Every structure is written in C-alpha cells, then in structure tokens.
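Under UniProt numbering, the residue at position 15 of the sequence shown is numbered 15, and the numbers go up by one with no gaps. From the three backbone atoms N, C-alpha and C, an ideal C-beta is built for every residue, glycine too. Every value quoted in this text rests on a predicted model; they were computed, and no experiment measured them. Report on the following structure.
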Amino acid sequence: DHCLPSNIEQWTVDDVQQFFVKQQLESFLPICSQMKGTRLLALYKMCMTNSPTMLQSLNNELTTMETHGERNIIGIAEYLQFLEDIKPFVPISNEKSDVTVPRSSLCTLL
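Structure representation (structure tokens):
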C-alpha cells in the first residue's frame, strides 16, 4: 500500500507518478512525471480557471512530445476524471483565518 499525503502540496515526484498510475491516467505522465505536488496543484488550478483551453494546451504539449511514433492524447473523459480524482487532495483555504485544511486523507492501493 502507498498512502498519498492528504495534501497535494506535500506530494513528491514519486507520489505524483503513483497518483496517475493508480487512477489509470497515464496519458498525463509525459507532462506531469517530473512534477511535485505544488506544481500539480498549479496545473489543477489552471485547469479549473480555463478548462477548455487547458485541455487543448495539454494535448498540444503531448503532440510535441510524441515518442516512438505514438501519439498520446488526453480525451475529455480522462481530463474530467483527472479533475474529479485530484479534488479530494486539494486543500480548502479558509478565507477568514488563512488556515489550510485538507479535504480528506485518502490512500491509494497498489
């Protein structure tokens, strides 16, 4: 078992990779495989701010990273799954006290 920290900001590069593999979101790995949790959180926030443009940007980046003649794209369903699956790990900011509280302490099972 590999428990991910409940707060994405504490994730290591390995935690990020494990998240994508466990959630069967491997299409994201070429872009996100070297990200720590803080960078993945920034990506998530960008996706939430301008979702259609970010999906297009991610796929444009994947196109430039084409490996071994294989094209990798992120479909709409996979993109929406990413947004849904990562949400429990995104901290909720308490506007009044600036205290960050994690949503939950979910574990992933290998």
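| Asked | Found |
| --- | --- |
| Going by beta-carbon coordinates alone, are Phe19 and Leu41 separated by less than 8 Å? | no |
| Exposed or buried, which one is Met54 when buried takes at least 16 other CB atoms within 10 Å? | buried |
| Alpha carbon to alpha carbon, what distance is there between Gly37 and Asp15? | 8 Å |
| What do you reckon, are the CB atoms on Ser6 and Phe89 nearer than 8 Å? | yes |
| Rank Thr63, Tyr44, Cys47 by C-alpha distance to the C-alpha of Pro30 and give the top, closest one. | Thr63 |
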